[in-house]
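Residue numbers for the sequence shown follow our numbering, so the first one is 21 and each next one is one higher.
So the structure is just underneath, and the comments pick up after that.
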Amino acid sequence: MHSAIREKGGAYGAGASQDLHSGIFRFYSYRDPKCIDTFKEFKKSREWALNNISESQLEEGILGVVSNIDKPLSPSGETKDDFINRLDNRTIEQRLEFRSNVIECKLSDLKKVAEKYLLNNGAKSAIGGKSFIDEFNALNFEIKEI
Numbered sequence: 021m022h023s024a025i026r027e028k029g030g031a032y033g034a035g036a037s038q039d040l041h042s043g044i045f046r047f048y049s050y051r052d053p054k055c056i057d058t059f060k061e062f063k064k065s066r067e068w069a070l071n072n073i074s075e076s077q078l079e080e081g082i083l084g085v086v087s088n089i090d091k092p093l094s095p096s097g098e099t100k101d102d103f104i105n106r107l108d109n110r111t112i113e114q115r116l117e118f119r120s121n122v123i124e125c126k127l128s129d130l131k132k133v134a135e136k137y138l139l140n141n142g143a144k145s146a147i148g149g150k151s152f153i154d155e156f157n158a159l160n161f162e163i164k165e166i
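And the structure:
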């Protein structure tokens, strides 16, 4: 995705992220001159996730998630984490269960999740100048001037 959107497409940046608090997985790009092509690449990457992730890539991902869970936090980071966990009524037992589930994740689990959550169309939005109006119209976006 990075190569297609940034190197070939000319965007300054692109990526994907998830937010456990809101339950949202998102793709993004910025300073991107090719909005339509970028949305196509986002779709391709979702399909890629179903068919091309290897055991070693899954293991690398698991290690990344677990190291993020286990990393020491600054005092402000601990406060933020505590606030969000209390806001969501998330107990330490639930957090440990989540960590354990991540460690036990198999490729088949990942594919089930990808099929359930990534293959739907989701929502699309873009922010751009007047030079993007034709692309936004082609994407059937509702255009609002801000």
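Glycine included, each C-beta is placed from N, C-alpha and C at the ideal position.
Quantities reported herein were computed from a predicted structural model and do not represent experimental measurements.
- Query: Three-state secondary structure (DSSP) at serine 33?
  - Reply: The residue labelled residue 33 in the question sits at position 13 within the sequence shown. For the record, residue 33 in the displayed sequence is glycine; it is not serine. Three-state DSSP puts glycine 33 in a strand.
- Item | CB of phenylalanine 156 within 9 Å of CB of cysteine 55, strictly | Within the sequence shown, residue 156 is the residue found at index 136, counting from 1. Within the sequence shown, residue 55 is the residue found at index 35, counting from 1. For phenylalanine 156 and cysteine 55, yes; Cβs fall inside 9 Å.
- Query: Between the stretch 74-91 and the stretch 57-66, do three or more beta carbon pairs fall short of 8 Å?
  - Reply: no
- My understanding is that valine 133 touches valine 86, with C-beta atoms under 8 Å, so please give their C-beta distance in whole angstroms. Position 113 of the sequence shown holds residue 133. Position 66 of the sequence shown holds residue 86. With a Cβ gap of about 17 Å, valine 133 and valine 86 do not count as contacting.
- Is serine 49 buried or exposed, if buried means 16 or more other CB atoms sit within 10 Å of its CB? Looking up residue 49 in the sequence shown gives position 29. Its Cβ being crowded by 16 or more others within 10 Å, serine 49 is buried.
- Query: Which partner residues of arginine 46 appear in the DSSP bridge assignment?
  - Reply: Indexing the sequence shown from 1 puts residue 46 at position 26. Note: arginine 46 sits in a beta bridge opposite Ser37.
- If you scan the stretch 54-85 from start to end, which runs of the alpha helix (DSSP H) of 4 or more residues do you find wholly inside it? 55-71
- Message: For phenylalanine 59 and leucine 159, which I take to be in contact (beta-carbon distance under 8 Å), what is that distance rounded to the nearest angstrom?
- Response: In the sequence shown, the residue the question calls residue 59 occupies position 39. In the sequence shown, the residue the question calls residue 159 occupies position 139. At roughly 7 Å, the Cβ-Cβ gap stays under 8 Å, so phenylalanine 59 and leucine 159 are in contact.
- Considering only the beta carbon of each residue, do glycine 35 and glutamate 61 sit closer than 9 Å? To locate residue 35, count along the sequence shown from 1; it is residue 15. To locate residue 61, count along the sequence shown from 1; it is residue 41. Going by C-beta atoms, glycine 35 is not nearer than 9 Å to glutamate 61.
- Task: Let me know if aspartate 101 comes out buried or exposed under the rule of 16 or more other beta-carbons within 10 Å of its beta-carbon.
- Result: Within the sequence shown, the letter at position 81 stands for residue 101. The residue is exposed, with fewer than 16 neighbouring Cβ atoms inside 10 Å.
- Message: Does glutamate 113 come out as helix, strand or coil in the three-state DSSP assignment?
- Response: Within the sequence shown, numbered from 1, the residue matching residue 113 stands at position 93. Glutamate 113 falls in the helix class under three-state DSSP.
- Message: By the three-class DSSP mapping on this structure, what secondary structure does asparagine 141 have?
- Response: Position 121 of the sequence shown, counted from the first residue, corresponds to residue 141. Of the three classes helix, strand and coil, the one that applies to asparagine 141 here is coil, per DSSP.
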